[in-house]
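Number of protein chains: 4
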Amino acid sequence: MKLKPAPELTVSGWLNTAEPLSLAGLRGRIVLLEAFQMLCPGCVSHALPQARRVAEHFTAHGVAVIGLHSVFEHHQAQGSREALAAFLHEYRIAFPVAMDAPGDAPGDAAGDRGGLPRTMAAYAMQGTPTTILIDRQGRIRRHSFGAVTDLALGAAIGSLLAEGDPVSAPDGSDPALACTPEGCPAP
Amino acid sequence: MKLKPAPELTVSGWLNTAEPLSLAGLRGRIVLLEAFQMLCPGCVSHALPQARRVAEHFTAHGVAVIGLHSVFEHHQAQGSREALAAFLHEYRIAFPVAMDAPGDAPGDAAGDRGGLPRTMAAYAMQGTPTTILIDRQGRIRRHSFGAVTDLALGAAIGSLLAEGDPVSAPDGSDPALACTPEGCPAP
Amino acid sequence: MKLKPAPELTVSGWLNTAEPLSLAGLRGRIVLLEAFQMLCPGCVSHALPQARRVAEHFTAHGVAVIGLHSVFEHHQAQGSREALAAFLHEYRIAFPVAMDAPGDAPGDAAGDRGGLPRTMAAYAMQGTPTTILIDRQGRIRRHSFGAVTDLALGAAIGSLLAEGDPVSAPDGSDPALACTPEGCPAP
Amino acid sequence: MKLKPAPELTVSGWLNTAEPLSLAGLRGRIVLLEAFQMLCPGCVSHALPQARRVAEHFTAHGVAVIGLHSVFEHHQAQGSREALAAFLHEYRIAFPVAMDAPGDAPGDAAGDRGGLPRTMAAYAMQGTPTTILIDRQGRIRRHSFGAVTDLALGAAIGSLLAEGDPVSAPDGSDPALACTPEGCPAP
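Chains as they are written, first to last, in the working numbering: chain D, 91 to 277; chain H, 91 to 277; chain Z, 91 to 277; chain S, 91 to 277.
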């Protein structure tokens, strides 16, 4: 009766970070993994702005937002690092973004699906956008394909943050007085 | 070093409920108390639709949404039960709504502020909309005047739901497997 | 084969104007007549903000925006001048608003439909919101019940403004150089 | 004192049309020319959806919507026909789109501005999105850089459609009875 550990990311490159990142290195934090394609309208209009809002609101409280560019179609149009870099620049996306490693048969012609990228396949994602939440112990706690509401995503994140919050445990203080993203209650 | 207990509601009437409600009767649930005025544009466009979303998403998980009509201006226009009933009907608001008891000097002329309604005064609210979250032990955990984002409100609710969740404690099961608004994880 | 002349307004009072207005007095201008009820959600969320945008954009070019509060339900809640005044104040509606004269059997109980207000009946309106456009000769050129898109409404207004534009006719100048809401093209 | 004739388009290719188009071939219709870049957020979120709305609403009334992909930055990311085709497919853009002919020094490195594309330069456009309206006689009547409201754009189009409407002129009928995008008024 165990939750599934989140597979480590298999990537061909990183943007918006000086050093490559890994889920192992992010252990202890909540991780929002947002899989997208730059030519996916729902990613552009909803999922990426949402990921940015999560980054703005929760980074200071121990949530890491990681974008994952999982290209499974229109490889010629969106498969290059240059295309992704231009997209992230124009859309002012600042959180780290990994380029999902291409699958076995990446395909050559425009529009050809080819094999799924490796991380997308490891997570058995249905497509983009896919929103994944990973808890402090590195286990998958949420996996959604398509649009997720801010209310639902916020609740999931708030719930994970409240689990075994290291801030409140060690000194025996009232967990109700622990700082949360909502603030630090005065004694 | 204690959190403040939420003052009991002082109301002159209830709508959308067969029996009068009280915070004491709601002990054990998370309570979202949404103070509004029917002529307050921000309440109509943002806070009340948000309260309805919270009711739809979280009622099954132990969150009670209560509206509080705290009229402190334009008493002639919005001070009557008939006006409020018509408003709730047209805006399809189904959660229970309390009419805040008038203050000492309610005022007669249109536009006159008069004294603040009693519950509004007891909570030292700044105006409408005011969003208040009360935890399972009946303590105030959030108090905001003005617009609150869905992300922030969702996180606050998710965090409160994760506190001392009665579902997971008694039988020693892994709290990570407890049902949350996001679902019930398969073992 | 004639277009229908717009019936004169039959009102019980005016707000936001020092003097009572009439369609006869507005002859020569395009008139946007917006029928609404303060408790009608579609009026509050769409039609009234749209009427305000039309007033901001087109008043300088000969378009008059007139609101018509045509109450046919919830008379107790929204039938008074005070209620309407409070609503217009809170929603920052500055264009002139007429109170449609009550019909024959106005009804007493909250929620009772009663007879239709007189102007609403004269125009055979289906309900609120109703958007009516009247041309410079006082004829009805558009009558819509429900939401109208900005694109469609803008086109209708632009079309009516281009008809027999007094600015361009008298001096024989190129009508293509006439000022329009879009600006005055340099020679 | 003449309006400026719209320069003919200089393009390197067309998409969404079996035959190449030209402004000369569109004479007699109103033309909405929408210059965009697929990596321009304002184009994706506002201008292109607006152009699609114009196409849906006005095509039957003699308005032609033409997209113009004027790439002046991030040439590697968005300069190819394949990239544009993938973008148009994913965003369900069906109106004809021309690829603006590259300027003198197109640039090689990602992000390099290079020379402006030829049509963009001929119109002295400031960037993307740029919205241009051309009248039935092929003259530029509107040229805006940045977001244009639906109300303003609708009014400009409605005004141009009302100019010398061939439908109403020949048989001496009342021009007020001519069909407009709003409908055909009953006699």
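All residues carry an ideal CB built from backbone N, CA and C; glycine is no exception. Every value quoted in this text rests on a predicted model; they were computed, and no experiment measured them.
Put residue i into one of helix, strand or coil per three-state DSSP.
i	result
V144 of chain H	helix
L105 of chain Z	strand
L34 of chain Z	Nothing in the structure corresponds to residue 34 of chain Z, since chain Z is present only between 91 and 277.
P95 of chain D	strand
V134 of chain Z	helix
S112 of chain Z	coil
A237 of chain S	coil
L251 of chain D	helix
L282 of chain D	With chain D running from 91 to 277 in the structure shown, residue 282 of chain D is simply not present.
P256 of chain D	Confidence in P256 of chain D is poor, its pLDDT being 45 and thus under 50, which makes the residue's placement unreliable; the coordinate value appears in the next sentence. Note: P256 of chain D maps to coil in three-state DSSP.
Within a Cβ cutoff of 7 Å, which residues of the same chain sit near residue i, ignoring the five residues on either side of it in sequence?
i	result
G201 of chain Z	For G201 of chain Z, the predicted model reports a pLDDT of 46, less than 50, meaning its position is unreliable and no value from the coordinates is stated.
G103 of chain D	R171, M189
E228 of chain D	Looking at the sequence provided, one finds Gly at residue 228 of chain D rather than Glu. Excluding residues within five positions, the ones whose Cβ falls inside 7 Å are P95, A96, L113, R117.
D210 of chain Z	One point to set straight first is that residue 210 of chain Z is Met, not Asp, in the sequence displayed. So the list reads A125, S160, F162, D190, once near-sequence residues are dropped.
E98 of chain S	S112, L113, A114
L178 of chain Z	L105, N106, V187
Name, please, each residue of chain H whose Cβ falls closer than 8 Å to the Cβ of residue i.
i	result
Q166 of chain Z	S170, E172, A173, A176
At a CB-CB cut-off below 7 Å, which residues of chain D make contact with residue i?
i	result
V134 of chain S	V134
Run down chain H in chain order and give the residues with a C-beta less than 9 Å from the C-beta of residue i.
i	result
R143 of chain D	T239, L241
Can you list the residues of chain Z that residue i reaches, using a CB-CB cut of under 9 Å?
i	result
G228 of chain S	Under the 9 Å cutoff, chain Z gives no residues; its nearest Cβ is about 12 Å from G228 of chain S.
Going by beta carbon distance, what residues of the same chain come within less than 8 Å of residue i, once the five residues before and after it are set aside?
i	result
D240 of chain H	Q140, R143
A132 of chain H	One point to set straight first is that residue 132 of chain H is Gly, not Ala, in the sequence displayed. The residues are T218, P219, G236, A237.
R208 of chain Z	T100, D190, A191, P192, G193
E253 of chain S	D225, R226
A246 of chain Z	L223, R231, R232
Skipping 5 residues on each side, what residues in its chain have a beta carbon closer than 6 Å to that of residue i?
i	result
L174 of chain Z	H159
I222 of chain Z	L123, H233
R182 of chain Z	none
D198 of chain Z	Low confidence applies here, because D198 of chain Z scores a pLDDT of 48, under 50, leaving its location unreliable; read the following figure in that light. Nothing listed; no residue qualifies.
V155 of chain D	L122, A141, V144, A145, F185
L93 of chain S	R229
H136 of chain H	A237
Q216 of chain D	F235
Name the chain Z residues whose beta carbon is nearer than 7 Å to that of residue i?
i	result
S249 of chain S	G248, S249, L251, A252, T270
What residues from chain H crowd round residue i, counting only those whose CB sits closer than 7 Å?
i	result
H147 of chain D	L241, A242
Which residues, taken in chain order from the region 231–246 of chain D, show a beta carbon closer than 8 Å to some beta carbon of chain H?
R231, R232, T239, D240, L241, A242, L243, G244, A245, A246
Note down, in chain order, all residues in the region 177–194 of chain D with a beta-carbon under 7 Å from any beta-carbon belonging to chain S.
F177, E180, Y181
According to a CB-to-CB cut-off of less than 9 Å, which residues of the region 109–132 of chain Z neighbour chain H?
Q127, M128, L129, C130, P131
Length at least 3, wholly inside the region 149–235 of chain Z: the beta strand (DSSP E) runs in chain order:
153–159, 187–190, 220–224, 230–235
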